[in-house]
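Engineer:
Chains as they are written, first to last, in the numbering used here: chain U, 166 to 253; chain E, 5 to 709; chain Z, 11 to 56.
(1) Could you tell me if residue 557 of chain E is buried or exposed, where buried requires 16 or more neighbouring beta carbons within 10 angstroms of its beta carbon?
(2) Are there 16 or more other CB atoms within 10 angstroms of the CB of residue 296 of chain E, so buried, or fewer, so exposed?
(3) Are residue 168 of chain E and residue 194 of chain E close, meaning C-beta to C-beta below 8 Å?
(4) Just list the alpha helix (DSSP H) runs in the segment 338-368 of chain E, keeping only unbroken ones of 4 residues or longer that don't cross its boundaries, in chain order.
(5) From the beta carbon of residue 512 of chain E, is the nearest beta carbon of chain Z less than 8 Å away?
(6) Based on Cα-Cα distance, which residue from U/215, U/251, U/229 lies nearest to residue 223 of chain U?
(7) Run down chain U in chain order and give the residues with a C-beta less than 8 Å from the C-beta of residue 646 of chain E.
(8) Please confirm if the segment 105-119 of chain E is in contact with the segment 46-57 of chain E, defined as three or more CB-CB distances below 8 Å between the two stretches.
(9) Check the DSSP bridge columns for residue 64 of chain E and list the partner residues they point to.
(10) Tell me the residue span of the beta strand (DSSP E) that contains residue 136 of chain E.
(11) Does the distance from the CB of residue 417 of chain E to the CB of residue 654 of chain E come in under 8 Å?
(12) Kindly say whether residue 13 of chain Z, judged by its beta-carbon, lies nearer than 8 Å to any beta-carbon of chain E.
(13) Within the 8 Å Cβ cut-off, does residue 187 of chain U reach chain E?
(14) Which residues does DSSP pair with residue 261 of chain E in a beta bridge?
(15) Helix, strand or coil for residue 20 of chain Z? Go by DSSP, reduced to three states.
(16) Tell me, please, whether the segment 468-488 of chain E touches the segment 287-294 of chain E by the rule of three or more beta-carbon pairs shorter than 8 Å.
(17) Helix, strand or coil: how does DSSP classify residue 675 of chain E here?
(18) So, is the C-beta of residue 200 of chain U closer than 8 Å to a C-beta in chain E?
(19) Can you pull out the residues from the segment 232-251 of chain U whose beta carbon lies closer than 7 Å to at least one beta carbon of chain E?
(20) Counting contacts by CB-CB distance shorter than 8 Å, is residue 143 of chain E in contact with chain U?
(21) Taking the alpha-carbon of residue 445 of chain E as reference, which of E/460, E/359, E/426 has the nearest alpha-carbon?
(22) Tell me residue 76 of chain E's beta-bridge partners as DSSP assigns them.
(23) Helix, strand or coil: which one does DSSP assign to residue 45 of chain Z?
(24) Spell out whether any CB of chain Z is found under 8 Å from the CB atom of residue 309 of chain E.
(25) Grab the span of the beta strand (DSSP E) containing residue 215 of chain U for me, first residue to last.
(26) Would you kindly work out how many angstroms separate the C-alpha atoms of residue 426 of chain E and residue 419 of chain E, rounded to a whole number?
(27) Within 10 angstroms of its Cβ, does residue 165 of chain E collect 16 or more other Cβ (buried), or is it exposed?
(28) Less than 8 Å between the beta carbons of residue 95 of chain E and residue 141 of chain E, yes or no?
(29) When the Cβ atoms of the segment 494-509 of chain E are set against those of the segment 340-353 of chain E, are three or more pairs found closer than 8 Å?
(30) Helix, strand or coil for residue 33 of chain E per DSSP?
(31) If you draw a straight line from the C-alpha of residue 26 of chain E to the C-alpha of residue 115 of chain E, how long is it?
(32) How long is the line joining the alpha carbons of residue 618 of chain E and residue 349 of chain E, rounded to whole angstroms?
(33) Could you name the residues of the segment 218-231 of chain U whose beta carbon sits closer than 9 Å to any beta carbon of chain E, in the order they occur along the chain?
(34) Taking DSSP's pairing of strands, which residues face residue 177 of chain E in a bridge?
(35) Among the candidates E/210, E/214, E/197, whose CA atom is the shortest distance from the CA of residue 188 of chain E?
(36) Given that residue 500 of chain E touches chain Z, what residues does it touch there, using C-beta distances under 8 Å?
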């Protein structure tokens, strides 16, 4: 079931706008896919930044020091990753 | 807490500060087998090359297409003597993994190797007695998790913190001493790219230490992540906030739906321009070398079957394939450089959108691209496609790409179709490439909807940081891959050349009456000095009506007639006559069928085979000579061999048909079974046959001869 | 067939051998069943 934005701060990764920052909350994916994303760095509480939106998006997993990596994600995965958007 | 920088001078002891009593937990002896473990994109292979030097080998794991590099720990500035090298620890560079617990092939292999159940081919399986875990200073938090997983195995280990030079430029600091304290094993800060810290790492690897016992209890992913979080907070610091503006801009351009595709097209055009441009020189040298070798053997050995086998079978056959090696090597090298910049991952990302509708993933583009040089490296490159169905679909699509071996055939046929009209020739040439690509995509779509039905893995791909490519790594990778290509293809190509030579030579038949008579005429000219005039022009032999001929010219014609006569009566020639009715709907006569059959194993022999069939010799130094000869070649009934409709049909046939035995062999190996090779052969042959027959009919209907 | 020519027999033998080697390299070797454990080996050496 696709994730609906029931609360303003809790949305799917797919719904982050370019430049938005947030934190991963959970994933709603088959175990293997979820484990893969988690190993790639998209784990609970990981800070992310949306670099490019689209059919396949690019998110940056960036820690407080600026270390991290960029991950390209298909829409079908991104819409099943729940994030808390940082509000400014 | 001190910040440890890579030290150019080798330290007396490895930077394993803080380990209370390393002697208790370290090995009594230098380890004999060290497994190198790390995330993808942490510079693991560059480091391996530093540690093992250039003399290492690449081997597959049995029953898989996964590769490992194997070498002895000889790196560092204190180069070991020959004897010490032989007894130096064996390094096994494992496939890059994000986590050991994942349900993917790479992780399964790492687990099996670490458990001592699996080893690369040519090595006996044995559990490694030490681990080298490579982490990335610029992505420490994530890569630390793998170090914790490795530490949980309780083997003596050493951690290398790579990319320290990049981290320093970005204002990131990693305290190797503190990390060493938290792990309980030596930690060395290095830069594999610049070589900083390698000496320290080499000495640390001679004394790996078991990590702290507390790791034995780490099991849940969340526990590992919590450990990594707390360690990261302690060992990492930053002097200034880091911005990635440049990477943002580059990503925005390279992955843009329009700009990105445009840049991709430009990069690929440039790549192929360089390949075709630069490869010309070494290809000429190889051509000259094999020509020289053939000439030397022909001059040394007396005329006879053995000389013919060596010159026409071995040297000509192997030379015809090795000539493509420069293109293949250049392709490997340039792709490796491009991969090092981080661009290839972005290109895969862009192309994913274009290829998805055809059931292929973005990972398929390197194989499809490589296929335009040669299908073999293309199919081998399909290993990088993570999903099995995607991978097989890619392997089935690759041989439709117009490889270099098709070019001589395209050149011949487009010239015959449009003599003296280079514009139309170029258009037809481009059309062949387009037809190949379309056929490959349609093939993939068809099979992904039927035998390879199923959802493919959605794309989740790390986009590595942009950096300057590593020339040394590219050169070593190219060397490895070129060697694999030569070894795998060499035996098959040699076998095919020799067998085809035999089939095209035996049984031998005595020269026909016409040839015997001409020989007698030549002898008469020589003995009596009589002048003889040509009654009928034969441009292929340089005979013009009304001109005087020499004995040598008459002899040449006699030999040519004898060769044509003989070629018809060989096994291959008889096979051509028998099979001709099958190719009747495509418009091919007996001679063309022999050309098609001979090039079944390797399509590049078509032109030389046709030359033998039609003019009785295969030297085609004077390009126009062979073109004219083939254009004027007549069937047994007197009509041209290469009629317009027939030429169109042949062109379509050569774009689509599977005429490369080595490709089938590689397909069987990489796809995991001969059924895929059989499917490929059957499907491509059927498609080629049907569409070539259609092309023939359409051309006839449009008034072509 | 030129059965009286010794060179014919040499080249035929060479052809058979080279052809056989090529065919053998094409046919995939029987895959040794490699057991791959699906769990991480957490046993520590004593």
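All residues carry an ideal CB built from backbone N, CA and C; glycine is no exception.
Structural biologist: Checking against the coordinates, here is how it stands:
(1) Label assigned to residue 557 of chain E: buried.
(2) Exposed, by the Cβ-count rule.
(3) Taking C-beta atoms as the reference points, residue 168 of chain E and residue 194 of chain E count as a pair closer than 8 Å.
(4) For the segment 338-368 of chain E, whole alpha helix (DSSP H) runs of length 4 or above, ordered along the chain, are 347-359.
(5) At least one beta carbon of chain Z lies nearer than 8 Å to the beta carbon of residue 512 of chain E.
(6) Out of U/215, U/251, U/229, the CA that lies nearest to the CA of residue 223 of chain U is found in U/215.
(7) Per Cβ cutoff of 8 Å: no residues; residue 646 of chain E is ~48 Å from chain U at best.
(8) No, because fewer than three Cβ pairs between the segment 105-119 of chain E and the segment 46-57 of chain E fall closer than 8 Å, the two stretches do not touch.
(9) Bridge partners of residue 64 of chain E: E/71.
(10) For residue 136 of chain E, the enclosing beta strand (DSSP E) stretches over residues 134-140.
(11) Judged by their CB atoms, residue 417 of chain E and residue 654 of chain E are nearer to each other than the 8 Å cut-off.
(12) So, not an interface residue.
(13) So, not an interface residue.
(14) For residue 261 of chain E, which the question treats as bridged, DSSP gives no partner whatsoever.
(15) It is helical.
(16) Result no; under three Cβ-Cβ pairs closer than 8 Å.
(17) For residue 675 of chain E, the three-state secondary structure derived from DSSP is helix.
(18) True, the Cβ-Cβ gap to chain E drops below 8 Å.
(19) Here the close residues are 232, 233, 234, 235, 236, 237, 238, 239, 241, 242.
(20) Chain U contact via Cβ: present.
(21) Ranking E/460, E/359, E/426 by CA distance to the CA of residue 445 of chain E puts E/359 first.
(22) According to DSSP, which records beta bridges pairwise, residue 76 of chain E is partnered with E/94.
(23) Per-residue confidence for residue 45 of chain Z stands at a pLDDT of 42, beneath the threshold of 50, marking its modelled position as unreliable; the derived number appears in the next sentence. Residue 45 of chain Z falls in the coil class under three-state DSSP.
(24) With a threshold of 8 Å between beta carbons, residue 309 of chain E makes contact with chain Z.
(25) It spans 212-217 - the beta strand (DSSP E) in which residue 215 of chain U sits, taken as one unbroken run.
(26) Their Cα atoms are separated by approximately 8 Å.
(27) With a threshold of 16 other beta carbon atoms within 10 Å, residue 165 of chain E meets it and is buried.
(28) Contact: no.
(29) With a cut-off of 8 Å, the segment 340-353 of chain E and the segment 494-509 of chain E do not count as touching, because too few Cβ pairs lie within range.
(30) Residue state, collapsed to three classes: coil.
(31) For residue 26 of chain E, the predicted model reports a pLDDT of 43, less than 50, meaning its position is unreliable; a value from the coordinates is still stated below. Distance between the alpha carbons of residue 26 of chain E and residue 115 of chain E: 27 Å.
(32) Those two C-alpha atoms are separated by around 50 Å.
(33) Listed in sequence order: 219, 220, 221, 223, 225, 226, 227, 228, 229, 230, 231.
(34) Residue 177 of chain E is bridged to E/241.
(35) Of the listed residues, the one whose Cα sits closest to residue 188 of chain E is E/214.
(36) Here the neighbours are 32.
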